[in-house]
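*Asks:* Each residue of the sequence shown is one higher than the one before, counting from 1239 in this note's numbering.
Beta carbons are placed, not taken as given, at the ideal position from N, Cα and C, and that holds for glycine.
Pasting a structure below so you can have a look.
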Amino acid sequence: MKTPVCIFTIFVLAATFAFYPLPASADQLYVKGHIVIGIKNSPYDSAPSIAFTRTGDLLEIITERGDYMLVRSSDGTEGWVQSRYLVAERPAATVVDDIKKKNELLSEKLRQLEASGNEVSEQLQSARAESELYKKSLSEARQQYNDLAQMSQHVQSISAERDLLKEQVRKL
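Here's what the structure looks like:
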């Protein structure tokens, strides 16, 4: 009786964690929403911004103090940002932008492939026309061969008859 309960518990835990969103990394977060936030030189609201970061930028978390986190941006800038602007999951707006860019790239590739396909189609038509010419030429060559073969048989029979007549003339 304990085994089914254990298996059920493991299944429930596995299912829960399978759908639980995990952060990009334990020490990396994204800037959320549609915003630009300042990276400050100290963890205070009144501190001046030393750089700016925007929605979708991935920041490395160095440490946390109160409502602020000490972060390192992709260009190496270190400073403080309010933790309320950071999320573990990549913001949907940046995902949509990436999908749009990928769609544009794929559309361009499709146009190139279609152009290439048209070129290949033209080459195929040309090859088919050339093939038809070769087939016609082959058919004509076969007909000429058959005609020559018949003439050759006729020449052989005439030649044999000539030889026979020569032999008869010689005997006379």
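Let me know if D1336 comes out buried or exposed under the rule of 16 or more other beta-carbons within 10 Å of its beta-carbon.
*Replies:* Position 98 of the sequence shown, counted from the start, is the residue given in the question as residue 1336. Burial is judged here by how many other beta carbons sit within 10 angstroms of a residue's own beta carbon; D1336 has fewer than 16 and is exposed.
*Asks:* Nearest-angstrom Cα distance between H1272 and G1294?
*Replies:* One-based indexing of the sequence shown puts residue 1272 at position 34. One-based indexing of the sequence shown puts residue 1294 at position 56. H1272 and G1294: Cα-Cα distance of roughly 9 Å.
*Asks:* Can S1311 and T1332 be called in contact, C-beta distance under 8 Å?
*Replies:* Position 73 of the sequence shown, counting from 1, holds the residue named residue 1311. Position 94 of the sequence shown, counting from 1, holds the residue named residue 1332. No.
*Asks:* What residue does the beta strand (DSSP E) around G1355 start on, and which one ends it?
*Replies:* Here residue 1355 corresponds to residue number 117 of the sequence shown, with the count starting at 1. That residue, G1355, is in no beta strand (DSSP E); its alpha helix (DSSP H) goes 1330-1409.
*Asks:* Let me check one thing: in DSSP terms, what residues is E1316 bridge-paired to?
*Replies:* The residue given as residue 1316 occupies position 78 in the sequence shown. Answer is R1310.
*Asks:* Identify whether Y1323 lies in helix, strand or coil by the three-state DSSP scheme.
*Replies:* In the sequence shown, counting from the first residue as 1, residue 1323 sits at position 85. It is helical.
*Asks:* I1300 to E1357, Cα distance in whole Å?
*Replies:* Indexing the sequence shown from 1 puts residue 1300 at position 62. Indexing the sequence shown from 1 puts residue 1357 at position 119. I1300 and E1357 have their C-alpha atoms roughly 56 Å apart.
*Asks:* Where K1338 and R1328 are concerned, what is the direct C-alpha to C-alpha distance, given to the nearest angstrom?
*Replies:* To locate residue 1338, count along the sequence shown from 1; it is residue 100. To locate residue 1328, count along the sequence shown from 1; it is residue 90. Between K1338 and R1328, the C-alpha separation is close to 16 Å.
*Asks:* Less than 8 Å separating the beta-carbons of K1270 and L1324?
*Replies:* Against the sequence shown, residue 1270 aligns to sequence position 32. Against the sequence shown, residue 1324 aligns to sequence position 86. Yes, they are a contact pair.
*Asks:* Could you please give the first and the last residue of the uninterrupted beta strand (DSSP E) stretch that includes I1299?
*Replies:* For this step, residue 1299 is matched to residue 61 along the sequence shown. First-last of the beta strand (DSSP E) with I1299: 1296-1303.
*Asks:* According to DSSP, simplified to helix, strand and coil, what is A1285?
*Replies:* For this step, residue 1285 is matched to residue 47 along the sequence shown. A1285: coil per DSSP, three-state reduction.
*Asks:* Report, in whole angstroms, the separation of the C-beta atoms of Q1320 and L1297, which I expect to be a contact under 8 Å.
*Replies:* Indexing the sequence shown from 1 puts residue 1320 at position 82. Indexing the sequence shown from 1 puts residue 1297 at position 59. Contact flag wrong, Cβ pair sits at about 12 Å.
*Asks:* Any idea which residues DSSP pairs I1277 with across the strands?
*Replies:* Here residue 1277 is taken as the residue at index 39 of the sequence shown, counted from 1. Beta-bridge annotation (DSSP): I1277 is paired with A1289.
*Asks:* Which whole-angstrom value is the C-beta distance of G1317 and I1288, which I expect to be below 8 Å?
*Replies:* Locating residue 1317 in the sequence shown gives position 79, where the first residue counts as 1. Locating residue 1288 in the sequence shown gives position 50, where the first residue counts as 1. Rounded, the Cβ-Cβ distance is 5 Å, consistent with contact.
*Asks:* Under a Cβ-count criterion, where at least 16 other Cβ atoms within 10 Å of its own Cβ denotes burial, should M1389 be classed as buried or exposed?
*Replies:* Here the question's residue 1389 lines up with position 151 in the sequence shown. So M1389 counts as exposed.
*Asks:* Between the C-alpha atoms of S1369 and E1378, what's the straight-line distance to the nearest angstrom?
*Replies:* The residue given as residue 1369 occupies position 131 in the sequence shown. The residue given as residue 1378 occupies position 140 in the sequence shown. Cα to Cα, S1369 sits roughly 14 Å from E1378.
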